[in-house]
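S.K.: Numbering (our numbering), first residue to last: 3 to 323.
Yeah, the Cβ is synthetic: ideal placement off N, Cα and C, and Gly gets one too.
After the structure tokens below, expect a handful of questions from me.
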Amino acid sequence: MSLLQVKGLTTSFHTKEGTVKAVEKVSFSLEKGEMLGLIGESGCGKSTLGLSLLRLIEEPGEIAAGEVTINGVDVIKLNPEAMRKVRWNTISLIPQSAMSALNPTAPIGKQILEAIELHKPRIKRDDAVKKVKELLEWVGIDGGRWLHYPHEFSGGMKQRVAIAMALACDPEIVISDESTTGLDVLTQAQVIHLIKRLQKELGLSIIVISHDLAMVTAICDRIAVMYAGHLVEIGPTRKILDNPLHPYTQGLLASNICLDSSGTCSSIPGSVPRLIDAPPGCHFHPRCERGKDICKASLPPLKSLAAADHQVACFAYKEGF
Ligand SMILES: Nc1ncnc2c1ncn2[C@@H]1O[C@H](COP(=O)(O)OP(=O)(O)OP(=O)(O)O)[C@@H](O)[C@H]1O
Ligand SMILES: [Mg+2]
Numbered sequence: 003m004s005l006l007q008v009k010g011l012t013t014s015f016h017t018k019e020g021t022v023k024a025v026e027k028v029s030f031s032l033e034k035g036e037m038l039g040l041i042g043e044s045g046c047g048k049s050t051l052g053l054s055l056l057r058l059i060e061e062p063g064e065i066a067a068g069e070v071t072i073n074g075v076d077v078i079k080l081n082p083e084a085m086r087k088v089r090w091n092t093i094s095l096i097p098q099s100a101m102s103a104l105n106p107t108a109p110i111g112k113q114i115l116e117a118i119e120l121h122k123p124r125i126k127r128d129d130a131v132k133k134v135k136e137l138l139e140w141v142g143i144d145g146g147r148w149l150h151y152p153h154e155f156s157g158g159m160k161q162r163v164a165i166a167m168a169l170a171c172d173p174e175i176v177i178s179d180e181s182t183t184g185l186d187v188l189t190q191a192q193v194i195h196l197i198k199r200l201q202k203e204l205g206l207s208i209i210v211i212s213h214d215l216a217m218v219t220a221i222c223d224r225i226a227v228m229y230a231g232h233l234v235e236i237g238p239t240r241k242i243l244d245n246p247l248h249p250y251t252q253g254l255l256a257s258n259i260c261l262d263s264s265g266t267c268s269s270i271p272g273s274v275p276r277l278i279d280a281p282p283g284c285h286f287h288p289r290c291e292r293g294k295d296i297c298k299a300s301l302p303p304l305k306s307l308a309a310a311d312h313q314v315a316c317f318a319y320k321e322g323f
């Protein structure tokens, strides 16, 4: 049994303009100790998917359908109190813009301490402080600085504090959402090294959400490609690089292995549709050179072709065009 199994997950935002289907019928699994990269252009639903796994979607959003099974338990069905115990203790998030999300008026160590005491109410204060210092040391920050404020740290250090905070309650799964965005190249390398250590030294299962294809393909075991709320391809990194199947993945890989700073793929004409009125059928068909009538009419399911571990959602293979 996989550590995390997602089936038919659908998350929508009900806005005044209409319903934004940010994540639609997404299914995938994550094994123990595995690192899965989640890539796709800006606005395609990556963060919404990450937040949905922790049930952190707020109004006007809702998880409209699907299962998120962690260690055999469908967490979508848990009551709020039981879900609070799963969050941080089993699955935690390094949120997008985590470094600016730190509270500027509280020492960094106090913020980590709060997370530990909230989720482990029986822990003694001394033990919790010891844990805070150990976590800071683990991410390369002097534990003696636990009472320093966020403004006393560089951007890269604040990002490492955010990683320490995600580890506060010894989770089994960590979701890293754009943890390297906005950092200089050297600092990015340090943060990437740290994320890799989460997997190697702590044996954690990690979902790395990023625009940086080169980074994701360098460190992840498998890659999942998202387009306009759908998972369009998933497979081992080597297979995705050597034999990308979906026309969107092919376009992404052709774009110098990196999306530009807006998260937009310049080598594929057009842009991600507004998810409020996405085209019917395969959402990619208006940008696809291989698109046929069937692509406009119905949604292609995610299917294995030759290898069971490499799946693609594209009619071109089934229909042979
Ligand atoms: N609170 C919200 N209310 C309404 N729509 C939302 C809300 N949050 C996200 N969305 C919409 O959901 C879609 C997916 O957004 P999401 O932030 O998940 O994309 P993303 O792939 O993480 O983008 P980026 O790469 O820019 O971080 C977008 O169309 C976005 O406008
Ligand atoms: Mg995002």
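1) Measuring alpha carbon to alpha carbon, tell me which residue in Ala117, Leu215, Lys305 and Val25 is nearest Ser94.
2) Applying the 10 Å Cβ sphere with the 16-neighbour rule, what's the burial state of Val187?
3) What span of residues does the beta strand (DSSP E) with Arg127 cover, start to end?
4) So what does Thr71 bridge to, in DSSP terms?
5) From Trp140, Ala164, Ser156 and Pro109, pick the residue whose C-alpha is nearest to that of Arg147; which is it?
6) Ala117: beta carbon under 7 Å from a heavy atom of ligand 1?
7) Can you tell me which of Arg199, Lys87, Ala308 and Leu55 puts its alpha carbon nearest to the alpha carbon of Cys222?
8) Out of Gly45, Gly52 and Lys122, which one is the CA nearest neighbour of Leu324?
9) Short check: CB of Val8 to CB of Val28, under 8 Å?
10) So, do the region 202 to 217 and the region 124 to 131 have three or more beta carbon pairs nearer to each other than 8 Å?
11) Taking just the CA atoms, how far does Gln113 sit from Cys316?
12) Would you tell me roughly how many angstroms separate the C-alpha atoms of Pro303 and Lys135, rounded to the nearest one?
13) Return the Cβ separation of Ile41 and Ser212 in integer angstroms, given the expectation that the two are a contact with Cβ distance under 8 Å.
14) Just to confirm, is the Cβ distance from Ala325 to Gln161 under 8 Å?
15) Any residue with its C-beta under 7 Å from a non-hydrogen atom of ligand 3 counts. Can you list them all in chain order?
16) Could you give the residue range of the beta strand (DSSP E) that holds Ile93?
17) Assign Arg276 to one of two classes, buried (16 or more other C-beta atoms within 10 Å of its C-beta) or exposed (fewer than that).
18) Can you tell me where the beta strand (DSSP E) holding Pro238 begins and where it ends?
19) Quickly, what does DSSP pair Gln313 with across the bridge? List them, please.
20) What are the start and end residues of each continuous alpha helix (DSSP H) run of 4 or more residues lying completely inside the region 158 to 211, in chain order?
21) Count the CB pairs spanning the region 308 to 315 and the region 230 to 240 that are closer than 8 Å, and state whether there are at least three.
22) Using three-state DSSP, classify Val274 as helix, strand or coil.
23) Answer yes if the region 143 to 158 comes into contact with the region 67 to 85, meaning at least three C-beta pairs across the two stretches below 8 Å, and no otherwise.
24) Of the choices Thr50, Arg57 and Ala216, whose alpha-carbon is the least far from that of Ala84?
M.R.: Taking the definition as stated:
1) As a working mapping, residue 94 is identified with position 92 in the sequence shown. Of the candidates Ala117, Leu215, Lys305 and Val25, the one whose C-alpha sits nearest the C-alpha of Ser94 is Ala117.
2) As a first step, residue 187 must be located in the sequence shown, where it is residue number 185. The residue is exposed, with fewer than 16 neighbouring Cβ atoms inside 10 Å.
3) Here residue 127 refers to the residue found at position 125 when the sequence shown is read from its first residue. Where Arg127 is concerned, there is no enclosing beta strand (DSSP E), although the alpha helix (DSSP H) it sits in stretches over Arg127 to Trp140.
4) Residue mapping note: residue 71 aligns to position 69 of the sequence shown, counting from 1. Thr71 pairs with Gln7 and Asp76.
5) Taking the first residue of the sequence shown as 1, we reach residue 147 at position 145. The shortest Cα separation from Arg147 among Trp140, Ala164, Ser156 and Pro109 belongs to Pro109.
6) Indexing the sequence shown from 1 puts residue 117 at position 115. Incorrect: Ala117 has no Cβ contact closer than 7 Å to ligand 1.
7) Walking along the sequence shown from the start, residue 222 turns up at place 220. Checked all of Arg199, Lys87, Ala308 and Leu55; the closest Cα to Cys222 is Arg199.
8) The chain is shown from 3 up to 323; residue 324 falls before or after that span and cannot be answered.
9) Locating residue 8 in the sequence shown gives position 6, where the first residue counts as 1. Locating residue 28 in the sequence shown gives position 26, where the first residue counts as 1. Their beta carbons are under 8 Å apart, which means Val8 touches Val28 by this criterion.
10) no
11) Sequence index remark: in the sequence shown, residue 316 carries index 314 (1-based). Sequence index remark: in the sequence shown, residue 113 carries index 111 (1-based). For Cys316 and Gln113, the distance between alpha carbons rounds to 46 Å.
12) Here residue 303 refers to the residue found at position 301 when the sequence shown is read from its first residue. Here residue 135 refers to the residue found at position 133 when the sequence shown is read from its first residue. So the two alpha carbons sit approximately 48 Å from each other.
13) Position 39 of the sequence shown, counting from 1, holds the residue named residue 41. Position 210 of the sequence shown, counting from 1, holds the residue named residue 212. Sure, about 6 Å apart at Cβ, within 8 Å.
14) Residue 325 is absent from the model: the chain starts at 3 and stops at 323.
15) Among the ligands present in this structure, namely ligand 1 and ligand 2, ligand 3 is not found.
16) Residue mapping note: residue 93 aligns to position 91 of the sequence shown, counting from 1. Ile93 -> beta strand (DSSP E) spans Ile93 to Ile96.
17) The sequence position of residue 276 within the sequence shown is 274, counting from 1. Result: exposed.
18) Numbered from its first residue, the sequence shown carries residue 238 at position 236. Taken as a continuous stretch (DSSP letters only), the beta strand (DSSP E) holding Pro238 covers His232 to Pro238.
19) Locating residue 313 in the sequence shown gives position 311, where the first residue counts as 1. Looking at the DSSP assignment, Gln313 forms a beta bridge with Ile236 and Ser306.
20) 187 to 202
21) yes
22) Translated into positions along the sequence shown, residue 274 becomes position 272. In this structure, Val274 counts as coil in the three-state DSSP scheme.
23) no
24) Translated into the one-based positions of the sequence shown, residue 84 becomes position 82. Checking every option, the nearest Cα to that of Ala84 belongs to Arg57.
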